[in-house]
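Reviewing the structure listed below.
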Amino acid sequence: MAHHGALPKVHRFITTHNSEGKAVFSDAFDEESKIDALPDDMGFALSYSTQGFPVDLNSDADLKVYDKYLNSAPGLVISNGTVLRHVDFQPGITCAMHRTVSLDYGVVLEGEVEAVLDSGETRLLKRGDVCIQRGTMHAWRNTSKDNWARMMFVLQECKPLELGGQKLGEELDTIVGVRSSS
Numbered sequence: 044m045a046h047h048g049a050l051p052k053v054h055r056f057i058t059t060h061n062s063e064g065k066a067v068f069s070d071a072f073d074e075e076s077k078i079d080a081l082p083d084d085m086g087f088a089l090s091y092s093t094q095g096f097p098v099d100l101n102s103d104a105d106l107k108v109y110d111k112y113l114n115s116a117p118g119l120v121i122s123n124g125t126v127l128r129h130v131d132f133q134p135g136i137t138c139a140m141h142r143t144v145s146l147d148y149g150v151v152l153e154g155e156v157e158a159v160l161d162s163g164e165t166r167l168l169k170r171g172d173v174c175i176q177r178g179t180m181h182a183w184r185n186t187s188k189d190n191w192a193r194m195m196f197v198l199q200e201c202k203p204l205e206l207g208g209q210k211l212g213e214e215l216d217t218i219v220g221v222r223s224s225s
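Under my numbering, think of the first position of the sequence shown as 44, with each following residue one higher.
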């Protein structure tokens, strides 16, 4: 995917232990997180992922899980796991309204992004702001007409949500290029 204007590359630095038990940086993966293009010209980077609670760091079990998902991308959420994702939004874009069965922390890293709820309520998130997304129908809008925006999301699966006796499930039908988490 082409570099998005003034947005910097995403680097992630993974720590581990050497043979003496000292903390060192892992060389298991390239430090640059690859940003893949979606058909609507948004950018997605899977910057880390885990499966199982508590996370198993022994014998690099977590690195093996991440490697598996780098080679076969998960849905937006990993069952019994976590997802760390960077998302780039082109100027003026509003992504499709969607719901995941997860608790998400969405942090604006670059630009300004409006959180849009299916009720019509909105909040403008500026650099450093966080939206705690609790299984609700939502969309993200880059409010700039000229500049790309970037958010970082940490997603963890939640118990199925019931509202008014109705079970609310994942709704991704209108998001092009993203597969279901189930």
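Just so you know, even glycine gets a beta-carbon here, dropped at the ideal spot from N, CA and C.
*Excluding sequence positions up to five away, which residues of its chain have a Cβ less than 8 Å from the Cβ of residue 66?*
The residue given as residue 66 occupies position 23 in the sequence shown. Non-local C-beta neighbours of residue 66 in its own chain, meaning closer than 8 Å and more than five positions away in sequence, comprise 58, 59 and 60, ordered along the chain.
*Give the straight-line distance between the Cα atoms of residue 64 and residue 72, rounded to the nearest whole angstrom.*
Taking the first residue of the sequence shown as position 1, residue 64 is located at position 21. Taking the first residue of the sequence shown as position 1, residue 72 is located at position 29. One C-alpha to the other measures close to 20 Å.
*Just to confirm, are residue 200 and residue 123 a CB contact at a threshold of 8 Å?*
Start at 1 with the first residue of the sequence shown, and residue 200 comes out as number 157. Start at 1 with the first residue of the sequence shown, and residue 123 comes out as number 80. Closer than 8 Å, so yes.
_Please report the distance separating the alpha-carbon of residue 137 from that of residue 206._
Here residue 137 refers to the residue found at position 94 of the sequence shown. Here residue 206 refers to the residue found at position 163 of the sequence shown. Cα-Cα distance, rounded: 26 Å.
*Apply the 10 Å Cβ neighbour rule to residue 90 and answer buried if 16 or more other Cβ atoms are within range, or exposed otherwise.*
On the sequence shown, position 47 is the one that residue 90 refers to. Residue environment: residue 90 is assigned as buried (16 or more neighbouring CB atoms within 10 Å of its CB, all protein chains considered).
_For residue 105, the three-state DSSP class (helix, strand or coil)_ = Along the sequence shown, read from residue 1 onward, the residue named residue 105 stands at position 62. In this structure, residue 105 counts as helix in the three-state DSSP scheme.
*Going by alpha carbons, who is nearest to residue 140 out of 148, 79 and 165?*
The residue labelled residue 140 in the question sits at position 97 within the sequence shown. Comparing Cα-Cα distances from residue 140 to each of 148, 79 and 165, the minimum goes to 165.
*asked:* By DSSP's criteria, residue 162 is part of a beta bridge. Which residues make up the other side?
replied: One-based indexing of the sequence shown puts residue 162 at position 119. Beta-bridge pairing links residue 162 to no other residue.
*Expressed to the nearest angstrom, what Euclidean distance is found between the alpha-carbon atoms of residue 211 and residue 107?*
Within the sequence shown, residue 211 is the residue found at index 168, counting from 1. Within the sequence shown, residue 107 is the residue found at index 64, counting from 1. Residue 107 has its alpha-carbon roughly 32 Å from the corresponding atom of residue 211.
*As assigned by DSSP and simplified to three states, the class of residue 131*: Reading the sequence shown from its first residue, position 88 is the one you call residue 131. DSSP places residue 131 in the strand class (E or B) of the three-state scheme.
*Could you spell out the range, first to last residue, of the beta strand (DSSP E) harbouring residue 204?*
As a position in the sequence shown, residue 204 is number 161, starting the count at 1. Start and end: 204–206.
_Pair within 8 Å by beta-carbon distance, residue 184 and residue 153_ = Here residue 184 is taken as the residue at index 141 of the sequence shown, counted from 1. Here residue 153 is taken as the residue at index 110 of the sequence shown, counted from 1. In this structure, residue 153 does not lie closer than 8 Å to residue 184 by Cβ.
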